[in-house]
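Chains as they are written, first to last, in my numbering: chain A, 187 to 282; chain B, 187 to 282; chain C, 187 to 282; chain D, 187 to 282; chain E, 187 to 282; chain F, 187 to 282; chain G, 187 to 282; chain H, 187 to 282; chain I, 187 to 282; chain J, 187 to 282.
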């Protein structure tokens, strides 16, 4: 099941630099792990903004929450979630 | 080059039924044609709403405009456009 | 899987009265049918407004869309969808 | 009488970790106590967000306020309240 | 129990004048009847706008909905409802 | 002359507790003094929120400003002001 | 007493031209009459928009409402009202 | 003096086709005339939307208003105006 | 040329008191200087809020920016600017 | 390819003055370098606000992101991006 997730990252300027870097590094590792597992299906940067649009392929809303809420940068992200489904005009089998 | 496009369709209730049906049929044919050409890369319905999220792969903003503004339902859609680019944590080659 | 759905109904004042009444009657019948099947789990009116909060229990976002988009009043409703999951502090087994 | 309450939790990043943990633990205990008493009727997490939708069954707006304003995390929550009532199409006796 | 209700009236310009006048006259009669019963406790016009702030004293959210949804101008009003309760600094006994 | 005033209180979490308590105590004393003088006519808490709706009866906008801007919690409140006047359907003499 | 009033005019495109012209002519006559009386103190057009900012000098909110609600274009205007008072840094006697 | 103007065009679906076409043709002629005079300095389409960003070079706000309010499509446009001035980091002489 | 400027002042609670007082005193002196020069034509307080509406009479947008951006409280103000021009129904010569 | 970019700068008041000055100086140098290369085509200040409208001429959304995200003030800017294309009524060859 697919969910569109928009993440806007807002790291406070008074967060220590080393802590911020560690969080970003961990976030990147986790993002790549989930992509390799086919769960984080797409990941695009919004041009000019510290934000992304992601497509997740999960078994349930519960799985989506468990993944998102344990992302290292979760406390510093504004997240919006849109449940997707197959479009009747789609010709692509796995855009379900 | 990728663009995320959200389309919210609002067909006025006093548009004649036959005209509405003709527009929807033409929209569907055009959407499938553009998908087959690899231009309209993804097309997902928002669950519960007459709206979709689409990913277009075009050579320029101009091409994007020419495609969107000639869609049969264009006069009845609220459209928002977000230019996308490659995310540094992406592992997928064609999510550029 | 649970989804919270808010529906705001806006019936145009120039829709013929008989058509409006037929749609409302069909909507009611369908709503009760889905409640009896355990799919439309909760249905509450917002006090003072032509709007409701509903909780749907469906197998997927696709099922949710198929149900909502075929409601008789669908063309006259503004709908927002929030995917829900189990709260770690919940003590109620079926609030998953 | 039923009220729909949405709580968005925003804990400042410079709140000491131990204080934050103590508040969350106390919040959980209180939430479960109120659920056991049948007052906090439903409690759902919004998938992907530090937010919940709750349904409270209380005798009055005053009781609702006394409960919400004494929650341990109250100072760190954005709260919106929607009074609910029975929907004429509801078939469920206790969704009053 | 007190509720603050804001009503913004929007009568379509193509509603027949006689129908609009009949609705306004009926609305006025009903508003005065409810005031005389002590239910519609306060009724103030917003200076310069076709809108009002009202305070209702009702036994429940259900009663509030039954009153508001049967007002003659209900189909032409945007309504927002705020449940009120006693303020700890209030010195007025019936502002409960 | 009546004004509807909504006050949303936002006390920063890093304001020293003793200062916050002193401000709240002073606010309460001032609110009660103005109520006793018949100036702060109504004061209601919004159920579930650190906010209130107030009705002030003052001789002018200037008097309103002088009262509000010297409230102890003024620096920590978002305030919106709506000038009220008599509603043609009101039957209550002092709701002018 | 001064009030800042913003008026956004929205005349429906299907209002008969002669009716629209008659309303505009009457609006102009009334605006000039009120300016001559010193009540409509300032009247500025927003560059590029069918909107204005006005300053009214009236004895009360009631007087303001009686003036605005009887303007010929009132049914076609979105109006917002801001009560003004003397600024402590003002050096102009009649900007009270 | 430069002004940034955003125009969102919304032509009602029930405006007769011939009238709409005549307005668009007149709009185009006027836009080109003003460009040739160096007044309408830039004119860009928003990709995917019936909207544009324009830069006007005029002697005053009054001139801007006189130009915009007489555009053939003015009654069908939502317009927002931003006064611009020279940026201290600009190296381009005529971006004043 | 006239511009309407709204300034909402938000002084952070952790700005040292002496610095805040110095800024306010300097702001006041500058505001009065500009009023005496006929540039800051009107200055009104919004009743109940730390905000003002001002009318500036300047030769250009550039002059307006140079004045506003050097106000002592500029870093702590949210500012919105509306270019004004003569209203066709105005009877006042200097409301140009 | 042209993009319209709006940048609203918000420098926290507790950022050390020397750091803020260094960032602004670096930002200015980078802005001028990009202007000289013809990439940052236009740069205008919004009169009265710490904000600008910029037009970038880049080969792709990716190039735009790489430029914007490495601006020295990027962490302190709210940025919105609008892809532009040629307007059919434009007479200017390089406003493509």
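Virtual Cβ for every residue (Gly too), placed ideally from N, Cα, C.
Straight-line measurement puts the Cα of residue 278(I) at about 23 angstroms from the Cα of residue 238(I).
About 6 angstroms separates the beta carbons of residue 244(I) and residue 187(I), which is inside the 8 angstroms limit, making them a contact pair.
Taking a C-beta distance under 8 angstroms as the contact criterion, residue 216(B) and residue 262(B) do not qualify as a contact pair. For residue 239(F), no alpha helix (DSSP H) segment is defined; the enclosing uninterrupted segment is the beta strand (DSSP E) at 237-243.
The Cβ atoms of residue 223(G) and residue 275(I) lie no closer than 8 angstroms to each other. Residue 201(E): not part of any alpha helix (DSSP H); DSSP gives it neither H nor E.
The C-beta of residue 263(B) comes no closer than 8 angstroms to any C-beta of chain J. Residue environment: residue 199(G) is assigned as exposed (fewer than 16 neighbouring CB atoms within 10 Å of its CB, all protein chains considered). Beta-bridge partners assigned by DSSP to residue 264(E): 194(E). The three-state reading of DSSP puts residue 273(H) in coil, since its state is none of H, G, I, E or B.
Contact of residue 251(H) with chain I by beta-carbon distance below 8 angstroms involves 271. The beta-bridge partner set that DSSP reports for residue 188(G) consists of 243(G). Of all residues in the stretch 209-236 of chain B, only 231, 232, 233, 234, 235 and 236 come within less than 8 angstroms of chain C when Cβ atoms are compared, listed by chain position.
Contact of residue 278(D) with chain C by beta-carbon distance below 9 angstroms involves 221, 227, 228 and 229.
In this structure, DSSP gives residue 278(H) a state outside helix and strand, which the three-state scheme calls coil. Listed by position along chain B, the residues whose Cβ is nearer than 8 angstroms to that of residue 247(C) are 233. Non-local C-beta neighbours of residue 257(E) in its own chain, meaning closer than 7 angstroms and more than five positions away in sequence, comprise 213 and 216, ordered along the chain. Using a 10 angstroms sphere on the CB of residue 233(E), the tally of other CB atoms reaches 16 or more, which defines it as buried. Against chain I, the CB of residue 187(H) has a partner CB under 8 angstroms away; the residue lies at that interface. When C-alpha distances from residue 250(I) are compared across 225(I), 272(I), 271(I) and 221(I), the shortest belongs to 225(I). Assignment of residue 229(C) by DSSP, reduced to helix, strand and coil, places it in the strand class.
Nearest CB-CB separation between residue 267(H) and chain I: below the 8 angstroms threshold. For residue 271(F), the closest alpha carbon among the candidates 228(G), 248(G) and 190(G) is that of 248(G). Scanning chain B for C-beta atoms nearer than 8 angstroms to the C-beta of residue 239(A) yields 190, 268 and 270, reported in chain order.
Neighbourhood of residue 275(G) in chain I, by CB distance below 7 angstroms: 214, 217, 218 and 229, in chain order. Taking a C-beta distance under 8 angstroms as the contact criterion, residue 231(D) and residue 273(C) qualify as a contact pair. What residue 254(I) touches in chain J, judged by beta-carbon distance under 7 angstroms, is 234, going in chain order. Taking CB atoms only, residue 281(D) has a neighbour in chain C less than 8 angstroms away. Pairing residue 241(A) with residue 190(A) gives a Cβ-Cβ distance under 8 angstroms. Counting only residues of its own chain and dropping the five nearest sequence neighbours on each side, residue 260(I) has a CB closer than 7 angstroms to the CB of 254.
Exclusion of the five residues before and after residue 264(B) leaves 194 as the residues of its chain whose Cβ lies within less than 6 angstroms of its Cβ. By the neighbour-count criterion, in which 16 or more other beta carbons inside 10 Å mark a residue as buried, residue 280(E) falls on the exposed side. Taking C-beta separations shorter than 7 angstroms and ignoring five residues to either side along the sequence, the partners of residue 209(D) in its chain run 258 and 259, following chain order.
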